[in-house]
Amino acid sequence: MEIIIAVFQENIKVAIVQKSPVFLNLSKSVDLALQFVSDASNSGARIVVFPETWLPGYPVWLDYAPNAGIWDHPPAKVLYRLLSDNSIVIGSEYFERLQNAAIQNDCMIVMGAHEKIDRTLYNSIFYFLPDGSFNVHRKLMPTYTERLVWGMGDGSTLPVIDFEGIRVGGLICWEHWMPLARAAMHSQNEFIHIAQWPMVKDLHQIASRNYAFEGQCYVLAAGCTLTKRDMITGLETVISTKKDEAGLDLIASIPESEDSFLLRGGSSIIKPNTDYLVNPLQQKEEIIIRDLDLTVIREGNLFLDTNGHYSRPDVFELKVDTSPKTNVTFEN
């Protein structure tokens with residue numbers, strides 16, 4: 002009789018990058034990302050996490066600019082074009098630089114990015130592994146005004162990655178309020194869950210802490226810091242024509258001072274029992290680095306395993322369609 006012994010890694014050092022990108026500038030933001038990854042890796046981090054659409058910045062104007070949703074509004078069209086021009090494409094130069102950074106620093110990089118496929122943008126999490134491979138999750142449902150800029154993902158990108166025996170997965174923002182999305186992720190046995198947000202405000206902390214307990218896993222809640230001045234300064238680096246300056250008009254219309262934090266960070270690390278290992282970090286740029294004790298995950302399963310002894314498959318069933326969805330299919 003063969004006896005199989007499961008081997009668990011007992012701890013791992015992780016990092017959350019709570020720093021501003023160069024807003025809407027993909028090239029300069031990738032330069033920053035590589036520096037931050039190197040800094041975190043030199044401090045021993047094996048997993049380095051960035052917030053939602055950190056490359057090249059969350060479209061904050063959707064939340065703050067009064068005329069962001071007006072039909073055919075020239076400044077909104079300019080910002081969308083600049084965002085599209087600075088979104089990452091799989092296989093591009095900037096994509097390969099991130100792949101190489103994971104290899105060179107011997108770590109997993111979890112990057113939130115605007116991804117461009119043909120002419121549509123997606124809100125994506127990229128997982129870059131030190132063996133040169135990668136995986137991706139595309140946000141299933143953009144929330145409210147986000148539908149002005151992003152398409153919807155599908156069930157083909159709900160990965161949980163085995164990183165040196167540690168199961169790592171993630172969801173983006175309000176996906177954490179989708180019960181069936183959470184169930185699909187819990188079924189894949191996450192040890193560490195990446196919760197990406199623009200910023201992790203109180204409501205988002207609630208969702209992240211709930212996820213930690215429900216999934217009996219660590220949650221790395223990653224949020225960004227960004228001031229109105231950061232937006233203006235970054236945008237000025239990608240403006241090349243008089244027409245582009247209309248994008249500055251929309252940012253200038255945001256009724257906040259230039260020093261105001263439009264994104265206030267709030268990154269935290271939450272233990273499976275919902276306690277904070279790292280309390281929410283507000284309005285401050287920092288790379289948060291901590292060791293995770295993975296043994297507590299197995300202890301918590303004594304009283305809760307939503308995909309195991311605390312499930313009722315005889316009563317409830319969830320089917321997940323993992324096939325990619327395309328608009329046109331050509332057949333011979």
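With the first letter of the sequence shown counted as 1, position 241 gets the number 242 in my numbering; the numbers rise by one all the way through. Don't be surprised by glycine CBs; every beta carbon is placed ideally from N, CA and C.
From this set, the options, which residue's C-alpha is nearest residue i's C-alpha?
i      : options                           : result
Lys140 : Leu181, Thr158 and Arg183         : Thr158
Glu11  : Leu263, Glu300, Asp86 and Phe51   : Glu300
Leu181 : Gly248, Ser28, Lys14 and Phe317   : Phe317
Glu94  : Met200, Thr121, Val31 and Gln283  : Val31
Asp1   : Leu99, Ile288 and Val23           : There is no way to answer for residue 1, as the model of the chain reaches only from 2 to 333.
Asp322 : Asp155, Val15, Lys285 and Val18   : Asp155
Val15  : Leu295, Leu305 and Lys326         : Leu295
Asp231 : Ala253, Leu204 and Ser241         : Ala253
Ala46  : Glu176, Met109, Gln36 and Leu33   : Met109
Gln206 : Gln189, Ala185 and Gln283         : Gln283
Pro256 : Glu53, Tyr65, Ser268 and Gly309   : Tyr65
Val38  : Phe129, Leu25 and Gly70           : Phe129
Leu305 : Val90, Asn26, Ile118 and His187   : His187
Ile104 : Asp132, Phe96, Glu97 and Gly113   : Asp132
Gly216 : His177, Thr54, Asp292 and Pro325  : His177
Phe127 : Ile89, Met142, Asp163 and Glu147  : Ile89
Val111 : Gly266, Trp72, Ile162 and Glu147  : Ile162
Glu259 : Gly267, Asn190, His310 and Lys229 : Lys229
Ser324 : Cys218, Lys243, Leu236 and Pro160 : Pro160
Asn312 : Arg148, Leu35, Phe164 and Ala184  : This sequence places Ser at residue 312; Asn is not what is there. Cα-wise, what sits closest to Ser312 is Ala184.
At which residues does the beta strand (DSSP E) containing residue i begin and terminate?
i      : result
Glu287 : Glu287 to Asp294
Gly235 : First-last for Gly235: Lys229 to Glu237, but that is the alpha helix (DSSP H), not the beta strand (DSSP E).
Gly171 : Ile167 to Ile173
Asp163 : Val161 to Phe164
Pro180 : Element bounds for Pro180: not the beta strand (DSSP E) but the alpha helix (DSSP H), Pro180 to His187.
Leu63  : Looking at the DSSP string, Leu63 is not in any beta strand (DSSP E); the run it does join, the alpha helix (DSSP H), is Trp62 to Tyr65.
Asn12  : Asn12 to Gln19
Tyr219 : Tyr219 to Ala223
Ile48  : Ile48 to Val50
What does DSSP give as the partner residues of residue i in its beta bridges?
i      : result
Glu116 : Ile89 and Tyr123
Ile298 : Ile298 pairs with nothing; no bridge assigned.
Phe129 : Ile110 and Phe135
Phe262 : Thr228
Tyr277 : Ile271
Leu56  : Ala114
Gln283 : Gly266
Mind checking which residues open and close the alpha helix (DSSP H) that includes residue i?
i      : result
Ala41  : Leu27 to Asn43
Gln206 : Asp203 to Gly216
Ile104 : Glu94 to Gln105
Asp250 : Ala247 to Ala253
His194 : Premise fails: His194 lies in the beta strand (DSSP E), Ile193 to Gln197, not in any alpha helix (DSSP H).
When you measure from the CB of residue i to every non-hydrogen atom of the ligand MG, does any distance come out below 8 Å?
i     : result
Arg47 : Summarising the ligand content, the structure contains no ligands, and the ligand MG is consequently not present.
Between which residues of its own chain and residue i is the CB-CB distance below 7 Å, once the five residues before and five after are set aside?
i      : result
Leu80  : Trp62, Gly248 and Leu251
Pro314 : none
Glu286 : Gln19, Lys20, Ser21 and Thr226
Met239 : Checking the sequence shown, residue 239 turns out to be Val, not Met. Excluding positions up to five away in sequence, the list reads Leu25, Asn26, Leu83 and Asn87.
Ile290 : Lys14, Ala16, Ala41, Ser44 and Ala46
Below 6 Å CB to CB, which residues in the same chain sit around residue i once its five sequence neighbours on both sides are set aside?
i      : result
Gly152 : Thr121 and Tyr123
Ala370 : This structure cannot speak to residue 370, because the chain is shown only from 2 to 333.
Thr144 : Trp175
Ile91  : none
Ile6   : Confidence in Ile6 is poor, its pLDDT being 43 and thus under 50, which makes the residue's placement too unreliable to answer from.
Please list, in chain order, all residues of the same chain as residue i whose beta carbon is under 8 Å from its beta carbon, the five residues on each side excluded.
i      : result
Asn68  : His74, Pro76, Ala77, Leu251 and Ser254
Leu84  : Leu25, Pro57, Pro60, His115, Leu122 and Val150
Ala102 : Ala34, Leu35, Val38, Ser39, Ile110 and Phe129
Next on the checklist: Across the stretch 52 to 59 and the stretch 273 to 289, are there enough close Cβ pairs to call them in contact, namely three or more that are closer than 8 Å?
Outcome noted: no
Item to check | At least 3 beta-carbon pairs within less than 8 Å: the stretch 219 to 227 vs the stretch 180 to 200 | outcome: yes
Checklist entry - When the Cβ atoms of the stretch 171 to 178 are set against those of the stretch 127 to 141, are three or more pairs found closer than 8 Å? => result yes
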